[in-house]
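Protein chains: 4
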Amino acid sequence: MKIGFIGLGHMGQGIARNILKAGHEVTVYNRSRGPAEQLAGDGARLAASADEACRGDVVVSMLADDAALDQVLIESGVIARLPASAIHICMATISIAMARRLAELHVRHGSAYVSAPCFGRPAAAAAAQLTIVAAGPAQAMARVRPLLNALGPNIFEFGGDAYLANVVKLSGNFFIASVIETMGEAFALTRKHGISPDAYFEFFRSIFDCRPVRAYGEIITQGKYEPAGFRLLLGLKDLNLVLAAGGEVNVALPVASLVRDHMLSGIARGCGEMDWSVIAELSAQDAGLTART
Amino acid sequence: MKIGFIGLGHMGQGIARNILKAGHEVTVYNRSRGPAEQLAGDGARLAASADEACRGDVVVSMLADDAALDQVLIESGVIARLPASAIHICMATISIAMARRLAELHVRHGSAYVSAPCFGRPAAAAAAQLTIVAAGPAQAMARVRPLLNALGPNIFEFGGDAYLANVVKLSGNFFIASVIETMGEAFALTRKHGISPDAYFEFFRSIFDCRPVRAYGEIITQGKYEPAGFRLLLGLKDLNLVLAAGGEVNVALPVASLVRDHMLSGIARGCGEMDWSVIAELSAQDAGLTART
Amino acid sequence: MKIGFIGLGHMGQGIARNILKAGHEVTVYNRSRGPAEQLAGDGARLAASADEACRGDVVVSMLADDAALDQVLIESGVIARLPASAIHICMATISIAMARRLAELHVRHGSAYVSAPCFGRPAAAAAAQLTIVAAGPAQAMARVRPLLNALGPNIFEFGGDAYLANVVKLSGNFFIASVIETMGEAFALTRKHGISPDAYFEFFRSIFDCRPVRAYGEIITQGKYEPAGFRLLLGLKDLNLVLAAGGEVNVALPVASLVRDHMLSGIARGCGEMDWSVIAELSAQDAGLTART
Amino acid sequence: MKIGFIGLGHMGQGIARNILKAGHEVTVYNRSRGPAEQLAGDGARLAASADEACRGDVVVSMLADDAALDQVLIESGVIARLPASAIHICMATISIAMARRLAELHVRHGSAYVSAPCFGRPAAAAAAQLTIVAAGPAQAMARVRPLLNALGPNIFEFGGDAYLANVVKLSGNFFIASVIETMGEAFALTRKHGISPDAYFEFFRSIFDCRPVRAYGEIITQGKYEPAGFRLLLGLKDLNLVLAAGGEVNVALPVASLVRDHMLSGIARGCGEMDWSVIAELSAQDAGLTART
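Chains as they are written, first to last, in my numbering: chain A, 2 to 294; chain B, 2 to 294; chain C, 2 to 294; chain D, 2 to 294.
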């Protein structure tokens with residue numbers, strides 16, 4: 002298929018490369034030119050504009066947030082100009098309001114929209130090990146399924162309403178954030194009682210073995226929140242989206258509220274650029290413990 | 002070794018049986034006689050009193066809570082009358098205050114005390130698949146280690162202060178409770194948006210695969226909180242112990258406070274005898290959803 | 002002065018009438034015609050459009066929320082067409098983002114903007130007993146001060162940045178909401194212990210005598226949440242604005258988060274049209290108490 | 002009447018003095034002798050032991066907490082030796098469990114017990130301006146009512162079960178703590194937006210005028226948490242009692258949980274000896290603001 006790819010950040014690059022590897026013809030566009038040129042070395046064609054990347058069968062976008070998406074694809078009129086048969090797959094973590102707006106916009110212009118946000122760090126994206134949650138019109142899903150299969154072994158589909166994939170994605174980020182917060186509190190409790198974080202983590206990892214525990218337990222144990230894998234500022238953005246997703250249907254998410262408050266405090270105390278698991282460090286500080294490092 | 006075993010509830014029976022299988026001479030005592038007689042069929046000797054079970058090398062106790070332990074072993078004077086070389090292993094989930102009191106009491110009477118609370122349901126106890134966290138004086142630990150090894154493949158040790166094993170155990174139950182609460186909120190969010198709990202759990206289990214997610218996700222998905230694996234009333238007891246463990250060292254545990262409040266409300270609304278994961282059902286009700294069943 | 006008045010809801014009518022009484026020439030506009038005609042009987046001139054009401058020295062708007070204000074005054078171009086010397090006073094509870102947007106818009110078009118949100122129920126508006134918090138450019142403030150003085154005895158000014166008055170207004174609504182929530186919890190606690198709400202409120206009102214305690218304690222004691230003085234749905238809107246005001250400057254407001262969650266649950270459980278103090282009834286229900294009525 | 006008075010702290014001294022002024026014969030006892038000797042100058046008789054102070058018609062105790070009360074009056078056997086007709090009035094803020102234990106103990110020994118905890122700082126105690134909440138057997142209440150009337154203008158009675166007065170007292174302290182917490186958050190929000198705390202407090206005091214707002218708003222505005230009027234450590238003790246009072250009847254008090262967590266963090270961060278309103282300073286710090294002083 003002819004694929005346009007827009008947004009070549011850390012995640013986007015790995016994904017675009019795997020689409021190339023799967024044998025598709027890929028045209029890439031990125032607001033700053035550097036990342037696009039790297040992809041050219043792997044066989045991608047470079048587009049000088051978003052429009053130019055949007056002339057094929059499918060457009061995959063991986064832009065930072067609602068605002069970037071709005072600017073690059075909506076306000077610019079790019080979506081309005083898509084070919085009628087085109088399918089737009091948005092893989093970024095956007096608000097459910099934006100996902101709904103995109104779905105309506107594409108319907109109005111005769112194209113199709115699929116939400117396919119994903120779980121996994123840049124290394125997982127590069128290794129085609131993403132977990133993808135997808136939703137969108139059945140015909141569009143059928144056409145893009147092979148493409149998504151090239152990006153990771155697990156795809157979970159949630160029916161015809163594209164935004165539902167975003168609800169699921171956000172709920173997953175919420176769970177990860179809750180695991181981080183709870184680990185932070187549990188580590189503060191045990192450290193204040195004099196238990197070594199290393200010994201504690203050995204136990205913890207053994208009994209509660211899952212991805213967020215492994216990934217963030219390591220960071221918390223070492224107290225090493227820089228460089229950030231996922232910045233606290235982005236974590237806050239996601240928690241705000243989670244709470245908005247709850248607010249739309251009047252579902253209170255008290256743990257999410259609590260984590261958001263903790264994140265706000267972390268940012269106010271100067272940790273916005275650190276890894277979002279730094280909220281564990283705040284739990285330690287709030288308990289009167291000093292930084293480990 | 003000559004082992005006394007006190008407290009033959011669902012957990013105690015499985016543990017006592019595995020000690021018998023490991024070739025030890027086991028004398029059992031239980032306040033109600035039925036469970037003790039079952040063990041007799043497996044080769045255990047029956048004691049008519051707690052004292053009678055406490056004449057060997059080691060006494061293992063698995064009594065329901067602080068109050069039961071106080072009544073059966075402390076107020077009764079049983080601990081004061083233990084042989085000087087004896088070691089008492091308490092495997093129950095007790096308060097850290099009680100664990101410290103026991104440690105002091107044993108030191109005063111010349112015996113030794115080891116805390117060895119465990120993770121696992123009765124089936125895991127029966128299958129010698131418990132995870133045990135243990136702490137106590139080095140000499141005592143050295144003598145009882147082989148015994149604990151007969152009960153499960155994973156033993157994590159936390160040094161000479163016995164109560165630290167209880168801190169770790171409580172922190173683990175806190176994490177499980179937080180996972181249940183967060184799953185409950187996430188399930189309420191996605192269900193209110195119209196996503197099927199079964200489809201959601203398939204995704205959830207895949208990406209966050211760990212014991213509490215598997216065990217409680219199943220129950221939440223089916224909305225089947227009876228019969229209880231672990232009653233909400235006991236869950237509340239544990240959360241109170243967690244908060245007390247934090248209070249002793251001035252560590253706030255906001256997620257634990259939130260879960261405790263939710264549990265109190267569950268009990269007030271008539272769910273005290275249900276499985277403690279019923280707090281997920283409350284999240285659903287608070288979101289205006291009706292029971293699934 | 003020649004005053005335009007836009008938005009004749011329960012609050013707006015009382016305010017407009019007091020402006021008339023103070024001897025100003027008032028032209029009123031309301032989207033539905035009925036309320037405007039009532040004012041005509043008191044000497045107001047009726048405008049057929051918002052524009053027509055905006056040809057005097059000052060325009061006072063009291064529209065329901067950000068969206069209504071946007072529709073009636075911004076999108077419609079009314080603000081852009083204001084006379085250069087005109088001052089717009091917005092007395093509604095709007096977001097701080099909207100207040101800032103208004104200030105910028107007026108500067109761009111050569112007019113001036115003052116935020117003057119107020120505290121008080123419709124009866125207080127009618128009786129010229131509002132408490133007003135105001136902010137805006139010094140010259141504009143100087144001109145409108147006499148007008149505001151006609152609406153209530155207490156005006157608190159917060160400098161040249163108009164949106165700061167909205168920050169203060171929102172913080173006040175937050176405090177009122179917290180008082181309601183805490184009273185609800187305290188009433189549930191004492192009622193569950195068997196204490197009569199009437200006896201309890203007699204004590205409570207005596208020792209914590211202030212407006213929100215008097216007003217909402219009465220409602221809570223009687224369990225009479227209908228008809229609503231201020232609907233829960235509007236209360237939620239305000240709490241969301243409070244949290245947004247905190248989010249903008251990275252200030253966590255944990256009590257506000259908790260109250261918002263409680264409000265969401267109240268709306269999900271069917272109480273959106275009741276008085277916002279109905280969250281006290283939810284505290285009672287969560288405690289296993291039944292409705293008083 | 003012949004009155005014994007036990008516990009001459011800051012509150013006790015003022016109360017004892019007012020009982021003297023009301024014309025009663027007062028025998029005082031205090032563990033440290035200094036404060037008792039001061040009372041002697043006002044006409045009190047000095048007792049060398051608690052027993053000696055307990056030979057009259059009424060014993061008033063104002064001891065620091067459950068533990069002090071237990072030590073001085075229960076374990077010591079003083080209550081068991083009271084004359085049969087004697088009435089014990091406990092004015093301290095004790096747990097509801099202790100209040101119930103006292104009531105039972107007195108019944109068993111033929112004496113009577115009245116709970117009469119009070120609101121007011123030492124200055125209010127000295128000026129006979131306390132607000133008292135009282136409960137206990139009708140006959141005993143009838144006899145001590147004139148005595149309580151000498152201590153303050155407002156007495157609220159809650160029936161025959163003495164501990165209910167303690168429930169009410171604790172609920173009142175909970176409300177005060179919530180007001181402090183919410184003011185702390187509101188001040189942090191407005192300060193972070195650049196509003197002067199002095200200007201803000203002028204507004205706040207005007208619109209939400211009540212005792213805790215006046216008393217603590219002053220302290221928060223000035224950032225002057227030392228010397229403590231009421232120490233954070235004692236505040237935490239009270240919040241723990243509030244939560245226990247809720248726990249007994251399965252009433253969740255989320256705001257109380259939140260305040261307790263904040264207090265724990267304050268103590269961990271070194272503020273235990275400061276005024277309990279220092280939690281407002283923590284809200285400021287969590288918002289990235291620096292101390293005002």
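By construction, the Cβ of each residue, glycine as well, lies at the ideal position given by its N, Cα and C atoms.
To be precise: take each residue of the stretch 249 to 262 of chain C, compare its Cβ to all Cβ atoms of chain B, and keep it if any distance is under 7 Å. Which residues remain? Per Cβ criterion, the list is empty.
Candidates 163(B), 15(B) and 291(B), of which the one nearest residue 63(B) by Cα: By 1-based counting over the second sequence, the position of residue 63(B) is 62. Selected option, being the one with the closest Cα: 15(B).
Note down, in chain order, all residues in the stretch 144 to 170 of chain A with a beta-carbon under 9 Å from any beta-carbon belonging to chain B. 155, 157, 158, 159, 160, 162, 164, 165, 168 and 169
Which one or two residues does DSSP pair with residue 88(A) in a beta bridge? Within the first sequence, residue 88(A) is the residue found at index 87, counting from 1. Answer is 59(A) and 113(A), bridged to residue 88(A).
Tell me, please, which residues DSSP counts as bridged to residue 26(C). Translated into positions along the third sequence, residue 26(C) becomes position 25. BP columns for residue 26(C) point to 3(C).
To which residues of the same chain is residue 283(B) closer than 8 Å at the C-beta, ignoring the five residues directly before and after it? Here residue 283(B) refers to the residue found at position 282 of the second sequence. Result list for residue 283(B): 185, 263, 266, 267, 270 and 272, in chain order.
Is there a Cβ from chain D that is less than 8 Å from the Cβ of residue 201(C)? Stepping through the third sequence from its first residue, residue 201(C) is reached at position 200. So yes, residue 201(C) belongs to the interface.
Buried versus exposed call for residue 1(C) [16 or more other C-beta atoms within 10 Å across all chains shown]: In the structure as shown, chain C begins at 2 and stops at 294. Residue 1(C) is therefore absent and cannot be evaluated.
Below 8 Å, how does it come out for the stretch 69 to 89 of chain D and the stretch 51 to 61 of chain D: are there three or more Cβ pairs, yes or no? yes
Could you tell me which residues DSSP pairs with residue 341(A) in its beta bridges? For chain A, the structure presents residues 2 to 294; residue 341(A) sits outside this window and is missing.
Rounded to the nearest angstrom, what separates residue 105(D) and residue 73(D) at their Cα positions? As a working note, residue 105(D) is residue 104 in the fourth sequence. As a working note, residue 73(D) is residue 72 in the fourth sequence. For residue 105(D) and residue 73(D), the distance between alpha carbons rounds to 17 Å.
So residue 145(B) and residue 260(B) are supposed to be a Cβ contact under 8 Å. How far apart are they, rounded? Working through the second sequence from its first residue, we reach residue 145(B) at position 144. Working through the second sequence from its first residue, we reach residue 260(B) at position 259. Actually they do not touch by this definition, with Cβ atoms about 33 Å apart.
Would you mind working out which of 47(B), 136(B) and 87(B) sits nearest residue 112(B), comparing C-alpha positions? Taking the second sequence and counting its residues from 1, one reaches residue 112(B) at position 111. Ranking the options by Cα distance to residue 112(B), first place goes to 87(B).
Touching by the beta-carbon criterion (3+ pairs, under 8 Å), the stretch 225 to 234 of chain B and the stretch 186 to 201 of chain B: no
Assess contact between the stretch 90 to 98 of chain A and the stretch 107 to 127 of chain A, defined as three or more Cβ pairs (one per stretch) separated by less than 8 Å. Is contact present? yes
Residues in the stretch 231 to 246 of chain C having any Cβ partner in chain B nearer than 7 Å: none
Look up residue 163(A) in the DSSP assignment and say whether it is helix, strand or coil. As a working note, residue 163(A) is residue 162 in the first sequence. Note: residue 163(A) maps to coil in three-state DSSP.
Kindly identify the DSSP beta-bridge partner or partners of residue 155(B). To locate residue 155(B), count along the second sequence from 1; it is residue 154. Looking at the DSSP output, residue 155(B) shares a beta bridge with 132(B).
Could you run through the stretch 119 to 138 of chain B and flag, in chain order, every residue whose CB is less than 7 Å away from some CB of chain D? none
Buried or exposed for residue 38(A), going by 16 or more other Cβ atoms inside 10 Å? For the purposes of this step, residue 38(A) is identified with residue 37 of the first sequence, where counting begins at 1. Burial call: exposed.
Exposed or buried, which one is residue 108(A) when buried takes at least 16 other CB atoms within 10 Å? The residue given as residue 108(A) occupies position 107 in the first sequence. With fewer than 16 other Cβ atoms within 10 Å, it is exposed.
Where does residue 32(B) sit, in a helix, a strand or coil, going by DSSP? For the purposes of this step, residue 32(B) is identified with residue 31 of the second sequence, where counting begins at 1. Three-state DSSP puts residue 32(B) in coil, outside helix and strand.
Do the stretch 204 to 212 of chain A and the stretch 272 to 281 of chain A meet, that is, are 3 or more Cβ pairs less than 8 Å apart? no
Name, please, each residue of chain D whose Cβ falls closer than 8 Å to the Cβ of residue 214(C). Sequence index remark: in the third sequence, residue 214(C) carries index 213 (1-based). Simply 211.
Within chain B, the residues that residue 265(D) reaches when beta carbons sit closer than 8 Å: Position 264 of the fourth sequence, counted from the first residue, corresponds to residue 265(D). Ordered by position in chain B, the residues that pass the 8 Å Cβ test against residue 265(D) are 247, 248, 251, 252 and 253.
Whole angstroms is fine: what's the gap from residue 247(A)'s alpha carbon to residue 150(C)'s? Here residue 247(A) refers to the residue found at position 246 of the first sequence. Here residue 150(C) refers to the residue found at position 149 of the third sequence. Whole-angstrom Cα-Cα distance: 42 Å.
Determine the DSSP secondary structure at residue 254(B), reduced to helix, strand or coil. What you label residue 254(B) is simply residue 253 of the second sequence in a count that begins at 1. Coil, per DSSP.
If you pair each beta-carbon of the stretch 158 to 174 of chain A with each one of the stretch 133 to 141 of chain A, do three or more pairs fall below 8 Å? Touching, yes.
Report the residues of the stretch 179 to 201 of chain D with a CB closer than 9 Å to any CB of chain B, ordered along the chain. Residues of the stretch 179 to 201 of chain D with a C-beta atom less than 9 Å from some C-beta of chain B do not occur.
Under 8 Å between beta-carbons, which chain D residues line up against residue 207(C)? List them in chain order, please. To locate residue 207(C), count along the third sequence from 1; it is residue 206. 132, 155 and 157, listed in chain order.
Does residue 116(A) have its Cβ less than 8 Å from a Cβ in chain B? Translated into positions along the first sequence, residue 116(A) becomes position 115. Not an interface residue.
Residue span of the alpha helix (DSSP H) that contains residue 202(B), given as start and end: What you label residue 202(B) is simply residue 201 of the second sequence in a count that begins at 1. Counting along the chain, the alpha helix (DSSP H) containing residue 202(B) begins and ends at 198 to 208.
Between residue 130(B) and residue 181(B), what straight-line distance do the alpha-carbon atoms span, to the nearest angstrom? Here residue 130(B) corresponds to residue number 129 of the second sequence, with the count starting at 1. Here residue 181(B) corresponds to residue number 180 of the second sequence, with the count starting at 1. Going by the C-alpha atoms only, they are around 22 Å apart.
Spell out the partners DSSP gives residue 47(C) in its beta bridges. Residue mapping note: residue 47(C) aligns to position 46 of the third sequence, counting from 1. For residue 47(C), which the question treats as bridged, DSSP gives the partners 29(C).
Measuring only the C-alpha atoms, how far is residue 183(A) from residue 121(C)? Within the first sequence, the letter at position 182 stands for residue 183(A). Within the third sequence, the letter at position 120 stands for residue 121(C). Answer to the nearest angstrom: the Cα atoms are 42 Å apart.
At least one CB of chain B closer than 8 Å to the CB of residue 269(C): is that the case? Taking the third sequence and counting its residues from 1, the one referred to as residue 269(C) is at position 268. Closer than 8 Å: yes.
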